[in-house]
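Numbering (my numbering), first residue to last: 109 to 481. Glycine included, C-beta positions come from ideal geometry on N, C-alpha and C. Keep in mind that this is a model prediction, so the values were computed, not measured.
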């Protein structure tokens with residue numbers, strides 16, 4: 109590998125293309141509300157000087173940071189509160205999870221946590237009234253609650269239909285809040301709880317929220333042609349089945365939006381990260397633009413753009429490194445990159461040249477990646 113040399117330039121000459129990069133801030137925990145045996149909602153106090161930076165859109169996420177055994181850990185959690193309210197995230201315990209168990213079982217009001225400003229494009233346009241159909245399973249309800257409550261409050265002409273899959277009644281997150289929302293908007297909010305391990309009075313609502321059951325629910329309860337947007341959030345299998353079904357029903361792809369909570373069941377090509385790369389293979393001259401400053405450095409083609417560039421630009425934004433959250437999204441403005449996994453970008457974004465840098469590798473001799481676009 110060639111000796112590492114770095115050049116930097118000031119890209120502030122084109123401020124119109126720049127976007128504000130989220131940063132971490134210490135926020136005080138305002139409340140920890142148990143939701144069920146293995147889940148809780150954690151809300152934060154935002155000081156007045158940060159109010160604008162933490163103003164969020166429904167469906168966006170907060171990334172949290174903490175140090176565990178001398179190692180920095182980050183996790184991204186969807187905001188479950190409606191627009192204008194104190195930011196609140198929903199957390200379900202993952203067995204052996206460094207973050208989720210800590211948040212649900214140990215964090216208390218008054219504690220301080222480092223939190224990144226809101227990110228994410230899984231968001232509806234509140235200025236445009238319409239019928240939104242939400243399909244969620246498990247903790248995938250978290251952004252859906254924010255979307256549903258915000259949409260219904262924004263315009264009296266908007267309607268929401270929610271199909272929500274869980275195992276049993278006692279595993280349903282936000283059960284009381286969903287019931288309250290139904291009481292508040294009885295004619296505009298349609299709610300269907302589907303339980304896989306607990307019989308319901310209606311056979312249609314008993315079983316897994318798979319393609320067959322979802323097809324029956326939509327056929328019986330939704331006029332597909334009148335639905336303006338479809339929002340999918342949950343395990344990859346459910347989202348994949350729902351996407352195929354909607355495609356078969358003739359729903360335009362640009363009306364279907366997805367967010368994944370778990371993507372581990374999807375086979376992908378092997379990804380070699382920085383610690384695995386030998387440093388003896390081919391390199392690319394990669395230019396990174398962030399906060400109006402451009403840095404050029406040789407990066408190994410065996411290493412993801414994010415992992416390689418972090419050595420010279422440690423301020424690069426990231427959260428999950430799994431291709432799910434979209435925090436590391438950037439635009440390829442010159443050259444070619446190979447993105448091997450994507451669960452966060454819309455097809456239109458990929459067509460426009462955006463990549464997830466945590467899952468993308470340099471391909472061309474020179475490559476320019478713009479985080480400000």
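Given residue i, which residues of its chain have a CB within under 6 Å of its CB, disregarding the five upstream and five downstream residues?
i: residue 453; result: 462
i: residue 267; result: 239 and 296
i: residue 191; result: 166 and 258
i: residue 208; result: 199, 201 and 202
i: residue 395; result: 402, 404 and 476
i: residue 451; result: 368, 371, 431 and 432
i: residue 186; result: 169, 250 and 251
i: residue 271; result: 243, 300 and 325
Return the chain-ordered list of same chain residues with a C-beta closer than 7 Å to the C-beta of residue i, the five sequence neighbours on each side being excluded.
i: residue 141; result: 148 and 149
i: residue 466; result: 412, 414, 426, 429, 431 and 436
i: residue 367; result: 230, 251 and 341
i: residue 472; result: 392, 443 and 444
i: residue 446; result: 468, 469 and 471
i: residue 359; result: 332 and 338
i: residue 350; result: 243, 322 and 340
Can you give the Cα-Cα distance for residue i and residue j, rounded to whole angstroms?
i: residue 193; j: residue 163; result: 9 Å
i: residue 416; j: residue 308; result: 52 Å
i: residue 216; j: residue 281; result: 20 Å
i: residue 391; j: residue 438; result: 20 Å
i: residue 440; j: residue 475; result: 7 Å
i: residue 348; j: residue 364; result: 12 Å
i: residue 468; j: residue 433; result: 14 Å
i: residue 318; j: residue 273; result: 9 Å
i: residue 404; j: residue 420; result: 9 Å
i: residue 464; j: residue 310; result: 43 Å
i: residue 170; j: residue 291; result: 29 Å
i: residue 156; j: residue 283; result: 32 Å
i: residue 153; j: residue 327; result: 43 Å
i: residue 235; j: residue 418; result: 38 Å
i: residue 361; j: residue 355; result: 7 Å
i: residue 264; j: residue 298; result: 15 Å
i: residue 478; j: residue 460; result: 13 Å
i: residue 134; j: residue 353; result: 43 Å
i: residue 380; j: residue 343; result: Note that residue 380 scores a pLDDT of 46, beneath 50, so its modelled location is shaky and nothing firm can be said.
i: residue 210; j: residue 204; result: 10 Å
Taking 8 Å as the line, does the beta carbon of residue i fall inside it for any heavy atom of the ligand GDP?
i: residue 242; result: For the structure depicted, the ligand GDP is absent and the ligand set is empty, with no information on it obtainable.
Can you check whether the CB of residue j is closer than 9 Å to the CB of residue i?
i: residue 229; j: residue 161; result: no
i: residue 132; j: residue 173; result: yes
i: residue 325; j: residue 302; result: yes
i: residue 480; j: residue 399; result: yes
i: residue 254; j: residue 393; result: no
i: residue 346; j: residue 256; result: no
i: residue 369; j: residue 178; result: no
i: residue 232; j: residue 337; result: yes
i: residue 269; j: residue 137; result: no
i: residue 294; j: residue 262; result: no
i: residue 227; j: residue 189; result: no
i: residue 159; j: residue 151; result: no
Using 8 Å for Cβ pairs, my map puts residue i next to residue j. What's the rounded Cβ distance?
i: residue 212; j: residue 199; result: 6 Å
i: residue 241; j: residue 335; result: 5 Å
i: residue 313; j: residue 300; result: 6 Å
i: residue 305; j: residue 276; result: 5 Å
Pull the bridge partners of residue i from the DSSP assignment, please.
i: residue 133; result: 223
i: residue 442; result: 476
i: residue 197; result: 150 and 187
i: residue 393; result: 406 and 474
i: residue 142; result: 148
i: residue 169; result: 186 and 227
i: residue 95; result: Missing from the structure shown is residue 95; the chain here goes from 109 to 481 and no further.
i: residue 366; result: 340
i: residue 297; result: 268
i: residue 216; result: Answer is none; residue 216 lacks a bridge partner.
i: residue 426; result: DSSP output for residue 426 lists no bridge partner at all.
i: residue 176; result: 179
i: residue 437; result: 464
i: residue 448; result: Residue 448 is not bridged to any residue.
i: residue 348; result: Looking at the DSSP assignment, residue 348 forms no beta bridge with any residue, so it has no partner.
Can you give me the Cβ contacts of residue i inside the same chain, cut-off strictly under 8 Å, excluding the 5 residues immediately before and after it?
i: residue 278; result: 144 and 145
i: residue 176; result: 206
i: residue 214; result: none
i: residue 487; result: Residue 487 lies beyond the stretch modelled for the chain, which goes from 109 to 481, so this question has no answer here.
i: residue 321; result: 302, 312 and 315
i: residue 181; result: 173, 174, 175, 206 and 207
i: residue 218; result: 136 and 137
Nearest chain D C-beta to residue i closer than 9 Å, yes or no?
i: residue 421; result: Chain labels in this structure do not include chain D; a single protein chain is all it has.
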